[in-house]
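Number of protein chains: 2
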Amino acid sequence: MMEVQRRQSRPVFVGGLQIGGGAPVAVQSMTTTDTADVDATVSQIHRLEDVGCELIRVSCLNINQANAISKIKARISIPVVADIHFDFKNALAAIDNGADMVRLNPGNIRVRERIEAVVLAAKSAHIPIRIGVNEGSLPPLTGGDEMPEGATPKLRGEFLVNRMVKAGLEEIQLLEELDFHDIKISLKAFDIYAMIEANRRMAQLVPYPLHLGVTEAGTVFPGSVRSAIGIGALLMEGIGDTLRVSLSGDPVEEIKACWEILRSTNLRQKGPTLVACPSCGRAQIDLIGLAQQVEERLKQLDKPLKIAVMGCVVNGPGEAKDADIGIAGGKGKGVIFKQGKIYKTVDEKDFLEVLMSEIETMEVPARD
Amino acid sequence: MMEVQRRQSRPVFVGGLQIGGGAPVAVQSMTTTDTADVDATVSQIHRLEDVGCELIRVSCLNINQANAISKIKARISIPVVADIHFDFKNALAAIDNGADMVRLNPGNIRVRERIEAVVLAAKSAHIPIRIGVNEGSLPPLTGGDEMPEGATPKLRGEFLVNRMVKAGLEEIQLLEELDFHDIKISLKAFDIYAMIEANRRMAQLVPYPLHLGVTEAGTVFPGSVRSAIGIGALLMEGIGDTLRVSLSGDPVEEIKACWEILRSTNLRQKGPTLVACPSCGRAQIDLIGLAQQVEERLKQLDKPLKIAVMGCVVNGPGEAKDADIGIAGGKGKGVIFKQGKIYKTVDEKDFLEVLMSEIETMEVPARD
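Right, dumping it as structure tokens:
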């Protein structure tokens, strides 16, 4: 198992949650409710907390939504980020109501004095600001910035990256001029090459932590695949301090996708990892059925075990040897392994129950 | 949209399908049926062809399975790879029965004369051989190869990569000594860092095309996320000529995941790309519902259009401008865009039908 050398970033503290500065990569999402509907919003956040959401963003499009933050915070356990667009007064109200961070979009609060007012309020409340750059809402083009006629796709991509990085740097400069440094940055695009390249450049240019995401990625499955490639590439380079997978779907799916990305890149473990071979003509048992039943039962389990469900003699034993516990099934009989050693033989009809009962009682081995 | 500079590889021809040498990255899967059950196998392959599978591997564990290949090939339209383990006679039978390629695992056919017999048969049938290295079934350790006691995770990772690359190179050398060069290679591991690093090294060392995959990745959702990160990282570097996403599930899901990976990395388009923003408190319409309905209807559509479903004024117009056609919804009314220009205003109740009817009649714009 390989390890990532993570980029050193300057930490920010969002409520009790450290982001950057060597902290574990934080998992976050955004509510889809009307923030002013406190019951609905709290209920959604509770579902998100249950699956491992560590930070939640809520939309503050109007004063009622901003004012709801104090009521929401009283009923949840994770810090709240107020998402602000266009109207800086919503940011001030959100801060007054105890928001743990505000997110500003440099593309749509364009008046310097208004940004200053938010920065001063954040400073006196001791909360950080996220500068959230989005390819869909960049600041207007200024002279000399126009895309050349007939630009190639490659040139158009570079042009987009430059605009994204520039939008972020200008906002950072404004905050730094006000002696404000509790900054987190995100640079999101639908095109993963642009998103990766913008983040790589920003990681070189400033010390602040980075929030990773692919914007408007789509519905659950395609959006998760697209986000996994873009976010995963940066995480494997050591870039990124928190992530959000943006999906058109239940935000619970966003959290599940975040955890799969972190697990796959060996950055964090939450609950068990299931290793299962794709069934093929070699499998002599109903491997897909067994793997899916095990997966279902593992949802209740929080132990960071690596569990293998293997259907054949070819790859099964080799792979299961690497798992903390595994089953290699054959016709009528199977074998349970624990950390490389055959532990017991099991009848096919008892595969699921015996494996699960072993998993439930076993201790998590120490990792080096 | 950024572009990938693809690694130049020496092409192989699997039936009518070119792999490597600048051909589009080919999409493949493996059947989960007993290959000897011709009806079941053909029926599964037909379902896979329908969703864009271009090459299918079938398991040949015994002579009956190998002999079934001629009957299967008579009823399908894509080339067939025979998956061989342990017994070289199954490879000979598969070749006799018209297999378009055989896959050999260097970890389990260890007798030189037997491999030679397969190579000679492949040569006279003019079909290529895939050398399929798998971390779960590597050749036995030889003297000096043992892992040092107390190795760090990093060292264990390097050790695994070295063993994988070595297993591949030794088999390549054997084939080259027999003047056989119609070779494709795969190096699969569960750990994506090991899988990426092994492929990077092999890409430098030999001219042959690479088949990418993450082994025993798990059930559909976690397995797709893990595979997307590992395979996606290599594809973005220009490495990889064909891919398989190994899932414990219906192989149709493997093909869907392959296409999402290719679409996300801008390497190939198949059918429409849906851009949809994650709904949030800003959305004034039921965006998730609309996006899911559009996604469902798009399953019938083969046009490579980029279609946007956006729920708010913040990011919607900017993003939809980049799509071939899009809808930006607001309360009661929405606007349909076509390639950056407002095309018509639509009542909320007609969003789906008007958007779909526009999509169905519009032509695919030329791409540069």
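Those protein sequence lines, which keep their order, are chains U and P. Under the working numbering, the first residue of the first sequence carries the number 1, and numbering increases by one thereafter. Under the working numbering, the first residue of the second sequence carries the number 369, and numbering increases by one thereafter. Don't be surprised by glycine CBs; every beta carbon is placed ideally from N, CA and C. A quick note: this is a predicted structure, and the numbers were derived from the prediction, not measured.
Residue i and residue j closer than 8 Å at C-beta
| i | j | result |
| --- | --- | --- |
| residue 168 of chain U | residue 185 of chain U | yes |
| residue 295 of chain U | residue 274 of chain U | yes |
| residue 628 of chain P | residue 190 of chain U | no |
| residue 202 of chain U | residue 187 of chain U | yes |
| residue 497 of chain P | residue 550 of chain P | yes |
| residue 105 of chain U | residue 132 of chain U | yes |
| residue 485 of chain P | residue 460 of chain P | yes |
| residue 276 of chain U | residue 227 of chain U | no |
| residue 615 of chain P | residue 639 of chain P | no |
| residue 56 of chain U | residue 29 of chain U | yes |
| residue 548 of chain P | residue 487 of chain P | yes |
| residue 229 of chain U | residue 633 of chain P | yes |
| residue 454 of chain P | residue 482 of chain P | no |
| residue 635 of chain P | residue 719 of chain P | no |
| residue 384 of chain P | residue 623 of chain P | no |
| residue 382 of chain P | residue 469 of chain P | yes |
| residue 613 of chain P | residue 586 of chain P | no |
| residue 577 of chain P | residue 380 of chain P | yes |
| residue 599 of chain P | residue 574 of chain P | no |
| residue 374 of chain P | residue 390 of chain P | yes |
| residue 322 of chain U | residue 365 of chain U | no |
| residue 243 of chain U | residue 25 of chain U | yes |
| residue 249 of chain U | residue 656 of chain P | yes |
| residue 346 of chain U | residue 336 of chain U | yes |
| residue 332 of chain U | residue 310 of chain U | no |
| residue 676 of chain P | residue 702 of chain P | no |
| residue 251 of chain U | residue 48 of chain U | yes |
| residue 465 of chain P | residue 505 of chain P | no |
| residue 198 of chain U | residue 165 of chain U | yes |
Interface residues of chain P facing residue i [CB-CB closer than 8 Å]
| i | result |
| --- | --- |
| residue 47 of chain U | Here the premise fails: no neighbours, minimum Cβ distance about 15 Å. |
| residue 307 of chain U | Neighbours of residue 307 of chain U on chain P: none; closest Cβ ~10 Å, over 8 Å. |
| residue 274 of chain U | 586, 587, 590 |
| residue 79 of chain U | Those do not exist, as residue 79 of chain U stays about 17 Å from chain P at its closest Cβ, beyond 8 Å. |
Run of the alpha helix (DSSP H) containing residue i, from where it starts to where it stops
| i | result |
| --- | --- |
| residue 67 of chain U | 63-73 |
| residue 556 of chain P | Here residue 556 of chain P belongs to no alpha helix (DSSP H); instead the beta strand (DSSP E) covers 551-556. |
| residue 130 of chain U | No alpha helix (DSSP H) holds residue 130 of chain U; the beta strand (DSSP E) holding it covers 129-134. |
| residue 193 of chain U | 192-205 |
| residue 359 of chain U | 351-361 |
| residue 257 of chain U | 251-264 |
| residue 525 of chain P | 521-545 |
Neighbour list for residue i in chain U, Cβ cutoff strictly below 8 Å
| i | result |
| --- | --- |
| residue 660 of chain P | 219, 248, 249 |
| residue 729 of chain P | None at all; the shortest Cβ gap to chain U is about 23 Å. |
Interface residues of chain U facing residue i [CB-CB closer than 7 Å]
| i | result |
| --- | --- |
| residue 607 of chain P | Within 7 Å Cβ-Cβ: nothing; residue 607 of chain P doesn't reach chain U, min ~13 Å. |
| residue 385 of chain P | Near residue 385 of chain P there are no residues of chain U at all, since even the closest Cβ is about 21 Å away, more than 7 Å. |
Residue range of the beta strand (DSSP E) that includes residue i
| i | result |
| --- | --- |
| residue 13 of chain U | 12-14 |
| residue 303 of chain U | From DSSP, residue 303 of chain U is part of no beta strand (DSSP E); its letter is neither H nor E. |
| residue 103 of chain U | 101-104 |
| residue 425 of chain P | 423-427 |
| residue 342 of chain U | 341-347 |
| residue 28 of chain U | 26-30 |
| residue 123 of chain U | Run containing residue 123 of chain U: none in the beta strand (DSSP E); it sits in the alpha helix (DSSP H), 112-125. |
| residue 705 of chain P | 701-706 |
| residue 18 of chain U | 17-19 |
Heavy atom of the ligand COA within 7 Å of residue i beta-carbon
| i | result |
| --- | --- |
| residue 85 of chain U | Looking for the ligand COA in the displayed structure turns up nothing, as the structure carries no ligands at all. |
Neighbour list for residue i in chain P, Cβ cutoff strictly below 9 Å
| i | result |
| --- | --- |
| residue 287 of chain U | 400, 616 |
Chain P residues whose Cβ lies nearer than 7 Å to that of residue i
| i | result |
| --- | --- |
| residue 295 of chain U | 587 |
**Report entry** Cβ-based contacts, 8 Å cut-off: residues of the region 487-512 of chain P near chain U
**Finding:** Under the 8 Å Cβ criterion, the region 487-512 of chain P contributes 502, 503, 504, 505, 506.
Report task. Tell me, please, whether the region 145-160 of chain U touches the region 227-237 of chain U by the rule of three or more beta-carbon pairs shorter than 8 Å. Result -> no
Query raised in the report: Between the region 171-191 of chain U and chain P, which residues of the former have CB atoms less than 9 Å from a CB of the latter, in chain order?
Result: 190, 191
Requested in this report: Examine the Cβ distances between the region 64-72 of chain U and the region 28-39 of chain U and report whether three or more of them are shorter than 8 Å.
Outcome: At 8 Å Cβ cutoff, the stretches touch.
Requested in this report: Return the residues of the region 619-633 of chain P that lie within a Cβ-Cβ distance of less than 8 Å from chain U, sorted by chain order.
Outcome: 619, 622, 624, 625, 628, 629, 631, 632, 633
Query raised in the report: Three or more beta-carbon pairs under 8 Å between the region 473-489 of chain P and the region 441-448 of chain P, yes or no?
Result: no
Query raised in the report: Taking any Cβ of chain P, which residues in the region 49-61 of chain U have a Cβ under 7 Å from it, in chain order?
Result: 58, 59, 61
Query - Where the region 594-606 of chain P meets chain U: residues whose CB sits under 7 Å from a CB there - result: 594, 596, 597, 600, 601, 604
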